[in-house]
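Engineer: Number 308 in this note's numbering belongs to position 322 of the sequence shown; there are no gaps in the numbering.
Heads up, the beta-carbon is just placed ideally off N, CA and C, and yes, glycines get one too.
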Amino acid sequence: MAGNIIQLLKDSSSYVSGERMSAELGITRAAVWKKITLLRKKGFIIDALPSKGYRLVSSPDLSEDELSAHIRESVFWKKILFYKSTDSTNERALSLSLAEEIESGTVIVADMQDKGRGRLGRSWVSPPRVNVYMSIMLRPDMESRNMPFLTIIAGVVCARVLRNITGLPVSIKWPNDLICFDRKLGGILTEARSEADKIVTAIIGIGINVNSERRHLPSSIRSVATSLRFETGKIWSRTEIVAGILDEFEKTYMMFINKGKTPIIKLWKQLSSMLGKRVSVMSVHETLTGLAEDVDDDGLLMLRMGSGTLKRVSSGDVSILE
Ligand code: BTN
C-alpha cells in the first residue's frame, strides 16, 4: 500500500533506501518505484538520490494515503472513504449505511460537494480543494434523545483541534457553529436514522472553511463567514485537521461513554461564545429572545425569558444581540 510507504518516509528524518523499503514492505524495488511515481502524481514531493534512496519533502494538503495510514492501527476508526467530488458527504454516508456497505467508524471525506447541506434546509458552500467536508458514520448503541449530544461532542472536538493547530480563538455558538472573531468558520450537521427510539445510524457531518478565499464565497455570506486562511494568511494542511479531528473525536466520544455527559458539557461551556449573552433563537415555529443562561446535560439551551421563566430549547438559529 502507498500508505505504508508514506509512513516509512514520515518516520525517517532522512533518506530511506529502496532496498529497505522493499524489504519492510515485502515488495520488489520496481514496485517501490511504481508506488513512489503514483504518490508524486498525487502531489507528494519525494526526493530520490541513487546512492541514498527516497526522502519526503512535502505532502499535498489533503491526502487520502496519509489519512488511511493515520488510522491503520485504530480500533475505533474502520475506514476512510475519499471522494474527489460528491453531492454531500452526509448523503453519501447515509446511502452507504442504508445499503449496509459500511461499518460504524467509517469516515467519508470529499474534496468538494455539489449539494453540500447545512442546517434548516440551507446549502453549504463547498468549493473544490480548499476546505474540509467530512462525515463520521457511527452505529452507536444509544437512545435517539442523545442525538443532539453528538453535535455537542463534535463541536468541542473541532474547536479544540482548530485552536491547537492554529492558535486562533475558535469558539462554539450553540448548537453547531464554529466561530472565529464573530464570523462563521464551520458547522456541524448531525443526521440520524432511528428505530423504536434507538439510533440505528448517526452521521456527523463537519464542514470547516480552511483555505478558502473571499472569492470562493457568494456575496450573501461574505460578511458573516470566515476561513482559517482569511484569519491567518496561511495555507493549512487539511490532512492535519482531519487527522486531528479523528484523534480528538475518539478520545472525547470514549470520555462520553466512560464518564457520561458532564465533563464534555464542561468543556463545551469553556468554548462557548454565547453563554451569559442576550440572544434570539429562531426556529421554524417561533423566535425566542432571552438570556443564554446555560446548556443542560442533554445539550439543550437554557434560555431565561423576559418573564423570568427558564425555557429549554432543542433547536434553532442563534443570533447574539449584544
Ligand atoms: C451548518 O452550520 O448549517 C452545518 C453545516 C454542515 C456542513 C457539512 S460539510 C460535510 C457534511 N456534508 C454536508 O452536506 N453537510 C455537512
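1. How should ASN244 be labelled, buried or exposed, when 16 other C-beta atoms within 10 angstroms of its C-beta is the threshold for buried?
2. What do you reckon, are the CB atoms on ARG169 and VAL210 nearer than 9 Å?
3. Tell me which residue opens and which closes the alpha helix (DSSP H) that LYS27 is part of.
4. Can you check which of these residues, ALA34, LYS20 and GLY191, is closest to LEU175 by C-alpha distance?
5. Flag this pair as yes or no: are the beta carbons of ILE22 and ILE13 separated by less than 9 Å?
6. Reducing DSSP to helix, strand and coil, say where TYR1 ends up.
7. Regarding TRP110 and the ligand BTN, is the C-beta to nearest heavy atom distance less than 8 Å?
8. Could you check the C-alpha separation between LEU274 and TRP160 for me, to the nearest Å?
9. Output the distance between the C-alpha atoms of GLU59 and ASP233, rounded to the nearest integer angstrom.
10. Output needed for VAL18: all residues of its chain with C-beta closer than 6 Å, excluding positions within five of it in sequence on either side, in chain order.
11. Output needed for ASN117: all residues of its chain with C-beta closer than 8 Å, excluding positions within five of it in sequence on either side, in chain order.
12. Please tell me whether VAL111 and ILE227 are closer than 9 Å, where the distance is taken between their beta carbons.
13. In terms of residue numbering, what span does the alpha helix (DSSP H) encompassing MET133 cover?
14. So is MET120 buried or exposed if we call it buried at 16+ other beta carbons inside 10 Å?
15. If we count the other Cβ atoms within 10 Å of its Cβ and call it buried at 16 or more, is GLU181 buried or exposed?
16. Could you spell out the range, first to last residue, of the beta strand (DSSP E) harbouring VAL228?
17. Which same chain residues end up closer than 7 Å to ASP283 when comparing Cβ atoms and leaving out the 5 residues on each side of it in sequence?
18. Using a Cβ-based criterion (distance less than 8 Å to any ligand heavy atom), does LEU287 qualify as near the ligand BTN?
19. Thinking C-beta only, is TYR40 closer than 9 Å to VAL95?
20. Report the rounded CA-to-CA distance for PRO36 versus PHE30, giving the unit in angstroms.
21. Contact check, ALA344 vs MET291 under 8 Å by CB: the rounded distance?
22. Note down, in chain order, each residue of its chain lying with its Cβ closer than 6 Å to the Cβ of VAL147, except the 5 sequence neighbours on either side.
23. Here's the rule: buried if 16 or more other CB atoms are within 10 angstroms of the residue's CB, otherwise exposed. What is GLY285?
24. Compare the Cα-Cα distances from GLN(-7) to each of GLN256, LEU53 and GLU129 and report the closest residue.
25. Quick one: residues in its chain with C-beta nearer than 7 Å to the C-beta of SER44, no 5 flanking neighbours on either side, listed in chain order?
Structural biologist: Quick answer:
1. Result: exposed.
2. A contact, by the Cβ cut-off of 9 Å.
3. Where LYS27 is concerned, the enclosing alpha helix (DSSP H) stretches over 15 to 27.
4. Measuring from the Cα of LEU175, the nearest candidate turns out to be GLY191.
5. Pairing ILE22 with ILE13 gives a Cβ-Cβ distance that is not under 9 Å.
6. Here TYR1 sits in coil by DSSP.
7. The nearest non-hydrogen atom of the ligand BTN is less than 8 Å from the C-beta of TRP110.
8. Taking the Cα positions, LEU274 is about 14 Å away from TRP160.
9. Distance between the alpha carbons of GLU59 and ASP233: 12 Å.
10. Excluding residues within five positions, the ones whose Cβ falls inside 6 Å are GLY4, MET7 and SER8.
11. These residues qualify, in order along the chain: GLY193, ILE194, ASN195, VAL196, ASN197, SER198, SER213 and ARG224.
12. It is not a contact, given that the beta carbons lie outside the stated cut-off.
13. Counting along the chain, the alpha helix (DSSP H) containing MET133 begins and ends at 133 to 152.
14. Around the beta-carbon of MET120, 16 or more other beta-carbon atoms lie within 10 Å, marking it buried.
15. Burial is judged here by how many other beta carbons sit within 10 angstroms of a residue's own beta carbon; GLU181 has fewer than 16 and is exposed.
16. DSSP places VAL228 in no beta strand (DSSP E) but in the uninterrupted alpha helix (DSSP H) bounded by 224 to 245.
17. Excluding positions up to five away in sequence, the list reads LYS247, THR248 and ILE251.
18. No, Cβ of LEU287 sits at least 8 Å from all heavy atoms of the ligand BTN.
19. For the pair VAL95 and TYR40, the CB atoms are not nearer than the 9 Å cut-off.
20. In a straight line, the C-alpha of PRO36 is about 19 Å away from that of PHE30.
21. Because the chain is modelled from -13 through 308, residue 344 falls outside the range shown and cannot be assessed.
22. Cβ neighbours of VAL147 beyond the five flanking positions: GLY230, ILE231 and GLU234.
23. If you draw a 10 Å sphere on the C-beta of GLY285, you find 16 or more other C-beta atoms in it, and that means buried.
24. The candidate whose alpha carbon is nearest that of GLN(-7) is LEU53.
25. Taking SER44 as the centre and dropping the five residues before and after it, the same chain places the C-beta of ILE31 closer than 7 Å to its C-beta, in chain order.
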